[in-house]
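Please read the structure below before turning to the comments.
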Amino acid sequence: MKVIGPLLYLVAGMLAAIVGLLPWLVTGMRLPLQNLWAVTSRAEDMPIVLLPFSQYTIILIVAVVVTGSALAGGLARVTRAQHPRFALAAIIVGVLLVQVIAITQTAVTVATGLVESPAAKVYLFVLTAGTLAASLIGLLILVLIARAPAAGAVVAVSLAAVALSAWVNGLIAHPLSFETTETTRTLLGAARWVSAVIVGLAVAWCGLATIGRVTGAIVSFLALWIGPTLFTAVSAAAGTRVLAAYPAEMLDYGAQVFVSALGVKGGSASLLIPAVVVMVLGLVVRWALRRRMQAALA
């Protein structure tokens with residue numbers, strides 16, 4: 511029984527990481543067409559990979575990696591009262607196992623197909639290093655959600671919520687497809703508010719009873735505002751092929767997009783309104799339930 515407990519959590523961590531990869535798995539997992547591919551290929555002839563390595567899918571890469579880790583962290587927190595020894599470590603190992611295999615398989619596959627050039631090596635290094643960094647951030651979010659006090663956990667959940675919104679978008683529509691139906695557009699419009707609802711619920715769960723929790727709520731709302739804006743800036747800069755050979759200009763363009771997107775016209779600021787509404791409703795419900803319990807015990 512001492513072995514079975516951690517093994518179950520190891521499998522749970524692996525399953526959470528696999529669920530995180532779901533938006534890419536359902537596409538058929540064909541590597542996106544590469545600008546630096548050694549031979550001319552059709553989309554359907556590209557190799558199978560476990561991650562969508564491409565400068566045009568950076569946000570999806572971050573989303574699938576971070577979401578899987580966050581799901582594992584949520585599972586760990588919900589079940590922590592029943593945790594056997596080393597349960598959290600087993601969950602982390604399970605997540606890492608899936609993500610390291612996915613990153614390694616993808617990087618090796620892409621490396622074998624790219625042209626032999628310095629640009630191709632830099633391209634592969636940046637994508638691989640960026641994905642590893644996303645994995646490490648995901649593991650930090652996992653641990654915070656699983657074990658941090660409420661104020662720290664709510665910040666981690668809010669960071670994960672920004673990634674989850676991109677994850678849902680990837681599940682609704684193929685990340686590289688420009689053909690969308692009316693239903694798809696409606697679903698994508700609704701998915702835009704997912705992160706706001708999650709942040710509002712998380713802050714309501716955390717409450718505002720202490721300075722730490724108020725600070726956590728403020729940081730969570732800042733993450734909701736700045737996170738999508740950062741995603742927009744990175745996606746815009748990385749997806750501008752003409753700037754690929756000019757890193758300084760690409761960084762400058764990304765910074766310009768970031769500053770522009772922070773405003774009301776950028777869109778992410780509007781997420782704060784439903785988040786606050788959900789928070790207030792959640793706090794009211796929480797207060798009402800507490801009053802009812804106190805009345806029942808009186």
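Sequential numbering of the sequence shown, starting at 511, is according to our numbering.
Just so you know, even glycine gets a beta-carbon here, dropped at the ideal spot from N, CA and C.
Given the structure is predicted, the values throughout are model-derived calculations rather than measurements.
From this set, the options, which residue's C-alpha is nearest residue i's C-alpha?
| i | options | result |
| --- | --- | --- |
| valine 667 | Val767, Ser645 and Ser579 | Ser579 |
| leucine 732 | Glu554, Ile721 and Val713 | Val713 |
| glycine 710 | Ala621, Val790 and Ser770 | Val790 |
| valine 744 | Ala758, Val767 and Leu560 | Val767 |
| alanine 671 | Arg552, Ser705, Val576 and Gly583 | Ser705 |
| valine 620 | Leu649, Leu541 and Gln592 | Leu541 |
| methionine 524 | Ala612, Tyr566, Met556 and Thr693 | Ala612 |
| isoleucine 783 | Arg802, Ile708 and Thr725 | Ile708 |
| threonine 577 | Ser551, Leu669 and Gly538 | Leu669 |
| glycine 648 | Gly717, Val769, Val603 and Ser770 | Val603 |
| alanine 553 | Gly680, Lys631, Leu686 and Val636 | Leu686 |
| leucine 607 | Ala748, Pro557 and Ala526 | Ala526 |
| tyrosine 519 | Arg802, Ala676 and Arg595 | Arg595 |
| tryptophan 534 | Leu561, Ala617, Leu646 and Thr693 | Leu561 |
| leucine 546 | Val653, Thr720, Tyr633 and Val618 | Tyr633 |
| glycine 737 | Val769, Gly749 and Thr720 | Val769 |
Quick one: using the 10 Å Cβ neighbour count with 16 as the cut-off for buried, is residue i buried or exposed?
| i | result |
| --- | --- |
| glutamine 609 | buried |
| tryptophan 797 | exposed |
| isoleucine 655 | buried |
| glutamine 544 | buried |
| phenylalanine 563 | buried |
| leucine 517 | exposed |
| glutamate 626 | exposed |
| valine 605 | buried |
| proline 628 | exposed |
| arginine 800 | exposed |
| glycine 726 | buried |
| glycine 722 | exposed |
| phenylalanine 477 | The first residue shown for the chain is 511 and the last is 808, placing residue 477 beyond what the model contains. |
| alanine 548 | exposed |
| alanine 683 | buried |
In whole angstroms, what separates the C-alpha of residue i from that of residue j?
| i | j | result |
| --- | --- | --- |
| threonine 641 | valine 729 | 25 Å |
| valine 665 | leucine 734 | 10 Å |
| leucine 772 | threonine 739 | 6 Å |
| glycine 515 | alanine 597 | 7 Å |
| alanine 806 | alanine 746 | 56 Å |
| valine 678 | tryptophan 715 | 23 Å |
| proline 757 | tyrosine 566 | 16 Å |
| leucine 532 | leucine 698 | 17 Å |
| alanine 785 | valine 559 | 36 Å |
| threonine 614 | alanine 673 | 22 Å |
| threonine 810 | valine 795 | Nothing about residue 810 can be read from this structure; the chain reaches only from 511 to 808. |
| glycine 623 | alanine 658 | 43 Å |
| leucine 793 | glycine 717 | 7 Å |
| alanine 582 | alanine 599 | 11 Å |
| leucine 681 | serine 780 | 23 Å |
| methionine 556 | threonine 550 | 10 Å |
| glycine 530 | arginine 702 | 18 Å |
| isoleucine 601 | valine 521 | 8 Å |
| threonine 693 | serine 675 | 18 Å |
Closer than 8 Å to a non-hydrogen atom of the ligand GTP - does that hold for the CB of residue i?
| i | result |
| --- | --- |
| leucine 732 | Only the bare structure without any ligand can be found here, which leaves the ligand GTP out of the picture. |
What alpha helix (DSSP H) runs, 4 residues minimum, are completely inside the stretch 578-643?
597-623
key: Segment contact flag, the stretch 568-588 with the stretch 755-769, C-beta cutoff 8 Å, min 3 pairs   = no
Cβ pair count under 8 Å reaching 3, the stretch 567-576 against the stretch 632-652
yes
What are the complete beta strand (DSSP E) segments, minimum 3 residues, inside the stretch 649-700?
-> none
Note down, one range per segment and in chain order, each alpha helix (DSSP H) of at least 4 residues found wholly within the stretch 721-771.
-> 721-748 and 757-771
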